[in-house]
Amino acid sequence: MMFRTTSHDSALEKEEVLYRQLGSLDAEQVAVALLELSRGDVNLERAAATCLQYLNDEDRCVRQCAVNSLTVLARRGAPLDLRATIYTLQRISMNGDDLNGSIPDALVVLQGIHLSRERWVQPLQDDYA
Numbered sequence: 056m057m058f059r060t061t062s063h064d065s066a067l068e069k070e071e072v073l074y075r076q077l078g079s080l081d082a083e084q085v086a087v088a089l090l091e092l093s094r095g096d097v098n099l100e101r102a103a104a105t106c107l108q109y110l111n112d113e114d115r116c117v118r119q120c121a122v123n124s125l126t127v128l129a130r131r132g133a134p135l136d137l138r139a140t141i142y143t144l145q146r147i148s149m150n151g152d153d154l155n156g157s158i159p160d161a162l163v164v165l166q167g168i169h170l171s172r173e174r175w176v177q178p179l180q181d182d183y184a
């Protein structure tokens, strides 16, 4: 008896392939996997945690892809601790490497998302009485 694979099954298989690809010694494969994680139908929390791990990678391209992927994941609503992520990116940037503008761009996006979430979580109290 054959079973049909559902799109959910194929998405899970693709996600696992991407996570295996992250274990590669080839920096280009790791960078591509990080970018694919941010775009795919994946567990956003796991993808964000993975990208955070690669912010300190020795390869500059991998770090840049991790920053770009975090930005995309934040836009997609990944449950990131935005304050901690912003602080981490600021610390990396202070060390003199803004990754060709990726970090300043990411900071603008993440700070905007953070302010937007704060505003909607704790709206201003106006007295309408």
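Under my numbering, the first residue of the sequence shown is numbered 56, with each subsequent residue one higher.
From the three backbone atoms N, C-alpha and C, an ideal C-beta is built for every residue, glycine too.
In whole angstroms, give me the CA-to-CA distance for L77 and C106. 10 Å
The alpha helix (DSSP H) spanning N111 covers which residue range? First-last for N111: undefined, no H or E at that position.
With R146 as the anchor, note down where its alpha helix (DSSP H) starts and where it stops. 137-149
Going by C-alpha distance, which of G151, S124, V72, N155 is nearest E100? Comparing C-alpha distances from E100 to each of G151, S124, V72, N155 shows the shortest one belongs to S124.
Cβ-based neighbour list, S65, same chain, cut-off 7 Å, excluding 5 preceding and 5 following: none
Note down the Cα distance separating L165 from A104, rounded to an integer number of angstroms. 16 Å
Please say whether A161 and L144 have beta carbons closer to each other than 8 Å? yes
Close beta carbons around P134, own chain, < 8 Å, minus the five adjacent residues each side: L99, E100, A103
Three-state secondary structure assigned by DSSP to R59: Legend: pLDDT at R59 = 42, less than 50; position of this residue unreliable, no value from coordinates given.
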